[in-house]
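Residue numbers (this note's numbering), protein chains in the order written: chain A, 35 to 308; chain B, 35 to 308. Beta carbons: idealized from backbone N, C-alpha and C, even for Gly. On a predicted model such as this, the values are computed, not experimentally measured, just so you know. Presented below is the structure to which this report refers.
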C-alpha cells in the first residue's frame with residue numbers, strides 16, 4: 035500500500051490526525067494484552083466522567099472482538115436487526131458506538147489489517163458524534179493496525195494504559211507505552227486492574243495476580259499510577275448483565291477506585307498545554 | 035497488496051497450507067479474546083504432551099505481545115543479546131520459538147497486518163523445527179492477520195478454543211470457532227479456564243467469572259468441553275517465574291485439569307481420518 039500523491043482522501047492516514055467536529059478531548063484506553071480489563075476501565079471511566087456532568091462518547095475500536103455492547107447491555111447486532119445503519123446509541127448517560135451493534139452474536143470478523151484500519155477510521159470520522167467533552171476510544175489488544183490507525187487519525191490528548199499486576203501483562207503494557215511514544219501520543223498513566231481479590235466468604239484478601247506490579251511499572255516508566263482497581267467478586271457478573279459497576283454499585287470498592295481514575299484523568303487533561 | 039501472478043513464493047499464502055517437514059500434528063490454541071489463559075493452556079498442553087513421551091514444539095504466533103518467553107523462563111531478547119539468529123530453544127522437554135527471543139524487554143512491534151503475516155509465516159516455515167509429534171501454535175487475540183495467515187499456511191489438524199466462563203469471553207470464543215469453520219480447520223473443543231477460585235485462606239470456592247459458561251458454549255456449538263481449569267492462587271506467580279504449573283506442581287488441581295485436556299486432545303487427534 036503506497037501513498038497516492040494527488041489522491042488526497044484515498045489514504046487519509048497519511049494526512050495526520052484530523053479533528054472530530056464537536057469533540058474536545060479524545061482519550062485512548064490501551065493495554066496491548068487482552069483480558070486485563072481495558073473495556074471495563076473504558077466503560078466505567080466514560081460513565082464516571084458523565085456523572086460529573088460532562089458529555090461523553092465511547093468508541094469501541096476492537097473490530098474482531100467488540101465487548102462493549104454486552105458490557106453496556108446492548109444486544110449483539112440489534113441495529114442490523116432493526117435495519118438501522120451504524121450510529122452512536124445513548125445509555126448510562128453516554129453515547130456508544132461499536133461494530134458489535136451490527137454483528138449478530140458469534141459472527142466472526144475475519145479481516146486483514148487494511149480493512150481493520152478502514153473500520154476504525156469510519157467509526158471515528160463517519161459517525162455524527164455531536165458535541166462531546168470527551169470521546170473515549172477502547173483500543174483492541176496488540177500494537178498493530180487498529181491502534182496505529184487510531185493514533186495516526188485521531189488527535190488523541192492522552193492514553194491510559196491498563197494492566198494487571200502480572201509480569202506478562204506488565205511487559206505488554208510497556209510495549210503499549212512504547213507504541214504511544216513512537217506515535218507521539220502522551221501517556222497519562224497506568225491503571226492497575228485486578229490488584230487483589232477479597233474472598234466474599236471470609237473477607238481475606240488474596241493478591242492473585244501479584245499486587246504492586248502497576249506501581250513498579252509506573253515508577254519504571256516515570257508515569258503516574260492512576261489507580262488500583264480490586265477484582266470484585268460480583269464485577270464480572272454485573273458486566274455480563276450489562277451493568278457497569280460505577281452505575282450499578284457506585285459505593286463499591288471497584289467503583290470508587292474507577293471514580294478516582296476519572297478524576298486523575300481530568301486533572302492530567304487540565305495540565306496539558308493547549 | 036495484490037497477488038503477483040508469475041511471482042510464486044512472493045505471496046505464499048495463496049498456495050494453501052504447506053506441510054512443515056518432520057512435523058506430524060499441528061494444533062492451534064485460540065480464544066479471540068486475550069487474557070483468558072490461551073498461552074497458559076498452550077505452554078502446559080505442550081509440556082503435558084511431552085511428559086507422555088512425545089516430541090513437542092511450541093510456536094508463539096503473538097507477534098505484538100509474545101508472553102511465552104516469560105512463562106517458560108526465558109529472558110526477553112536473550113538470543114539477540116548473544117548475537118544468535120532466531121531458532122527454537124529447548125526447555126521443560128519441548129522446543130520453543132518466539133519473536134520475544136529477539137526483542138529486548140519493552141520493545142514494541144508496531145507493524146501493520148502484512149508484516150504480522152510475514153512474521154508468523156517465517157516462524158512456521160523458516161525455522162528448522164526438526165522431528166515433532168506435535169507443534170502447538172499459540173495464536174494472538176483477534177481473528178485478523180496472524181490467525182488468518184496461520185490457518186492458510188499451516189495444515190492445522192485441530193483447534194483448541196480457550197475461554198473464561200464470562201459472557202464477553204464466550205462471545206469472542208464463538209467468533210474464533212466461526213473463523214476456524216470459515217478457514218476449514220476442525221475445532222477439537224473448548225477449554226474453560228479460571229472456572230472458579232479457591233480462597234487459600236478459607237478454602238471456599240468463588241465462581242468469580244461465573245462457572246459453567248464453557249460447558250454451555252460447548253453444548254451450543256456442538257463441540258466437546260475438553261476441561262475446566264481452576265484459577266489457582268499461585269498459578270500467576272508461577273507463570274511470572276517461568277515455571278509452568280504442569281511441570282512445577284503436577285499434582286495441583288490446575289495441572290491435573292490441564293493433563294486431562296492433553297489426553298482429550300490426543301484422543302481427538304486419534305479420531306481424525308487420515
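Segment contact, 8 Å Cβ cut-off, at least three pairs: the region 155-168 of chain A with the region 115-126 of chain A: The region 155-168 of chain A is in contact with the region 115-126 of chain A.
Local Cβ density within 10 Å of residue 254/A, reported as buried at 16 or more and exposed below that: Exposed, since its Cβ has fewer than 16 Cβ neighbours within 10 Å.
Alpha-carbon to alpha-carbon, residue 51/B and residue 189/B: When rounded, the distance between both Cα atoms is 5 Å.
Residue burial classification, residue 227/A (beta-carbon count within 10 angstroms, cutoff 16): Under the 10 Å beta carbon count, residue 227/A is surrounded by 16 or more other beta carbons and is classified as buried.
Residue-level contact to chain B via CB, residue 92/A, 8 Å cutoff: Residue 92/A does not count as touching chain B.
Counterpart residues of residue 262/A in DSSP-defined beta bridges: By DSSP's assignment, residue 262/A forms a beta bridge with 226/A.
Short CB-CB distance (under 8 Å) between residue 51/B and chain A: No, residue 51/B lies away from the interface with chain A (no Cβ there is under 8 Å from its Cβ).
Cβ pair residue 78/A, residue 209/A closer than 8 Å: No. Outside cutoff.
DSSP state of residue 181/A mapped onto helix, strand, coil: If DSSP states are grouped into helix, strand and coil, residue 181/A belongs with the helices.
Residue 74/A versus residue 87/B - alpha carbon distance: C-alpha separation (whole angstroms): 43 Å.
Within-8 Å CB hit, residue 292/B to chain A: Contact with chain A is absent for residue 292/B, since none of that chain's Cβ atoms lies less than 8 Å from the residue's Cβ.
Chain A within 8 Å of residue 154/B, Cβ atoms only: By this cut-off, residue 154/B is not an interface position.
Amino acids of chain B, ordered along the chain, whose beta-carbon sits closer than 7 Å to that of residue 148/A: Residue 148/A reaches chain B at 147, counting residues in chain order whose Cβ is nearer than 7 Å.
Minimum Cβ-Cβ distance from residue 67/B to chain A less than 8 Å: Closer than 8 Å to some Cβ of chain A, the Cβ of residue 67/B qualifies, so yes.
Within chain A, partners of residue 115/B - CB distance below 7 Å: Going along chain A, no residue has its Cβ under 7 Å from residue 115/B, so there is no contact; the nearest lies around 16 Å.
Residue(s) in a DSSP beta bridge with residue 93/B: When DSSP reads this structure, residue 93/B sits in a beta bridge with 131/B and 171/B.
Nearest-angstrom Cα separation, counted from residue 156/A out to residue 281/B: When only Cα atoms are considered, residue 281/B and residue 156/A end up about 48 Å apart.
Own chain partners of residue 35/B with C-beta closer than 6 Å, once the 5 adjacent residues on each side are dropped: Note that residue 35/B has pLDDT 30, beneath the 50 cutoff, so the model's placement of it is unreliable and the number below is only indicative. So the list reads 148, once near-sequence residues are dropped.
Exposed unless 16 or more other CB atoms sit within 10 angstroms - verdict on residue 316/A: Any answer about residue 316/A is impossible in this case: the structure gives chain A only from 35 up to 308.
Buried/exposed call for residue 68/B, threshold 16 Cβ in 10 Å: Taking all protein chains shown into account, residue 68/B has 16 or more neighbouring C-beta atoms within 10 Å of its C-beta and is therefore buried.
Reduced DSSP secondary structure (H/G/I, E/B, other) of residue 41/A: Because the pLDDT of residue 41/A is 35, which lies under 50, any placement of that residue in the model is unreliable, and the question is left without a value.
Option nearest residue 274/A by Cα separation, candidates 97/A, 106/A, 100/A and 98/A: For the residues 97/A, 106/A, 100/A and 98/A, the minimum Cα distance to residue 274/A belongs to 106/A.
CB of residue 171/B within 8 Å of CB of residue 62/B, strictly: Judged by beta-carbon spacing, residue 62/B lies within the 8 Å limit of residue 171/B, meaning their Cβ atoms are closer than that value.
Proximity below 8 Å, CB of residue 243/A to CB of residue 290/A: Contact: no.
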